[in-house]
Ligand SMILES: Cc1cc2nc3c(=O)[nH]c(=O)nc-3n(C[C@H](O)[C@H](O)[C@H](O)COP(=O)(O)OP(=O)(O)OC[C@H]3O[C@@H](n4cnc5c(N)ncnc54)[C@H](O)[C@@H]3O)c2cc1C
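In UniProt numbering, the protein residues as written are 1 to 311.
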């Protein structure tokens with residue numbers, strides 16, 4: 001399993017690019033379409049999760065805080081646009097943030113629609129459903145070549161075996177662009193760590209509220225069902241595994257310092273697997289190959305949500 005095994009599982013309709021920025025670039029109708037598709041997908045994922053075993057799905061709130069005073073005005077503009085289109089969100093001033101969440105920030109958008117999930121468990125449950133319905137799952141089987149012709153497609157695996165089929169649906173995550181005539185995205189590295197379980201009292205409202213900020217790269221975090229804090233961020237342009245891996249400890253310390261700057265009395269203990277540096281693109285693709293035609297769907301950050309929305 002690719003990046004689904006590494007995803008921090010924050011399901012948000014608020015993607016990295018503000019709706020107000022998308023509206024300026026592509027028009028309000030298309031901006032709304034993107035945000036609405038992500039919002040709808042959260043409900044669809046909830047329905048899907050309800051029909052499975054425990055996948056740690058939980059409805060959450062999402063607090064998007066201004067990292068500095070200059071970000072307050074753009075965030076207020078963003079909130080106004082979201083409210084205009086019926087998204088349930090409100091403004092929290094610095095006093096409310098301090099009183100309710102215990103940290104200092106000049107303001108924040110509090111969104112009621114968000115969720116968290118364990119994507120690894122969910123993916124395995126989905127595989128189990130496929131098998132239950134008579135499908136077959138071949139893990140650790142890599143396809144090396146793909147040759148479409150008039151009658152179908154021939155796939156060659158790394159062990160030399162060939163498969164003949166009529167259609168191929170490629171959902172190969174960040175590897176997808178290998179199969180495109182030219183790259184459509186740039187890989188980046190993201191870093192995350194998980195703590196030991198913290199008490200409900202320590203977590204307070206964080207237990208049901210995920211957090212992220214307006215600075216780029218941004219800090220983000222959420223709690224897990226067993227009370228651990230999952231913290232990520234400090235993304236960089238690194239795309240060379242050895243160089244990226246060498247920065248793991250430094251990144252762990254940096255992220256820990258950022259969390260401690262928000263809550264100086266919070267005693268967190270970054271636990272194994274420590275920091276997980278992984279490749280991440282700001283877009284991801286779903287390719288559908290039908291004989292000679294390749295359909296490419298590209299989605300932004302809440303990819304799982306978007307892919308389900310278009311599937
Ligand atoms: C550190 C990190 C944190 C993230 N956090 C979040 C988050 O909080 N919220 C969110 O919405 N998104 C998050 N994402 C993004 C999210 O993980 C991905 O968008 C999503 O998991 C992609 O799912 P996928 O099924 O498209 O691809 P993947 O889960 O990557 O699955 C692709 C599969 O294709 C297989 N494959 C690739 N090439 C071949 C081949 N040639 N032959 C056979 N099989 C092949 C891979 O082995 C893999 O099993 C995060 C990503 C990272 C890296």
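By construction, the Cβ of each residue, glycine as well, lies at the ideal position given by its N, Cα and C atoms.
Here the structure is a predicted model, which is why all the values come from computation and not from measurement.
Could you check the C-alpha separation between residue i and residue j for me, to the nearest Å?
{"i": "residue 179", "j": "residue 170", "result": "9 Å"}
{"i": "residue 67", "j": "residue 215", "result": "6 Å"}
{"i": "residue 129", "j": "residue 220", "result": "32 Å"}
{"i": "residue 160", "j": "residue 149", "result": "19 Å"}
{"i": "residue 30", "j": "residue 190", "result": "28 Å"}
{"i": "residue 35", "j": "residue 22", "result": "10 Å"}
{"i": "residue 140", "j": "residue 115", "result": "30 Å"}
{"i": "residue 158", "j": "residue 172", "result": "16 Å"}
{"i": "residue 155", "j": "residue 246", "result": "37 Å"}
{"i": "residue 230", "j": "residue 224", "result": "7 Å"}
Who are the Cβ neighbours of residue i in its own chain at under 8 Å, not counting the five residues just before and after it?
{"i": "residue 83", "result": "89"}
{"i": "residue 80", "result": "none"}
{"i": "residue 131", "result": "137"}
So, at 6 Å on beta carbons, what are the nonlocal neighbours of residue i in its own chain, with the 5 sequence-adjacent residues on each side left out?
{"i": "residue 127", "result": "137"}
{"i": "residue 94", "result": "106"}
Mind checking which residues open and close the alpha helix (DSSP H) that includes residue i?
{"i": "residue 61", "result": "Taken as a continuous stretch (DSSP letters only), residue 61 belongs to no alpha helix (DSSP H), being part of the beta strand (DSSP E) at 58 to 65."}
{"i": "residue 221", "result": "Element bounds for residue 221: not the alpha helix (DSSP H) but the beta strand (DSSP E), 220 to 223."}
Go ahead and pull the three-state DSSP assignment for residue i.
{"i": "residue 266", "result": "coil"}
{"i": "residue 29", "result": "helix"}
{"i": "residue 42", "result": "helix"}
{"i": "residue 13", "result": "coil"}
{"i": "residue 313", "result": "Here the chain comprises residues numbered 1 to 311, so residue 313 is not present and cannot be evaluated."}
{"i": "residue 146", "result": "strand"}
{"i": "residue 192", "result": "strand"}
{"i": "residue 210", "result": "strand"}
{"i": "residue 95", "result": "helix"}
{"i": "residue 164", "result": "strand"}
Quick check on the DSSP output: the beta strand (DSSP E) that includes residue i runs from which residue to which?
{"i": "residue 196", "result": "Run containing residue 196: none; DSSP gives neither H nor E here."}
{"i": "residue 72", "result": "No beta strand (DSSP E) holds residue 72; the alpha helix (DSSP H) holding it covers 72 to 84."}
So, for residue i: in the same chain, excluding its five sequence neighbours on each side, which residues have a beta-carbon less than 7 Å away from its beta-carbon?
{"i": "residue 53", "result": "125"}
{"i": "residue 290", "result": "At residue 290, the pLDDT of 40 sits below 50, so the modelled position is not reliable and the matter cannot be decided from this model."}
Discussion item. Could you check whether the segment 5 to 22 touches the segment 60 to 74, counting it as contact only if at least three pairs of C-beta atoms, one from each stretch, sit closer than 8 Å?
Written reply: yes
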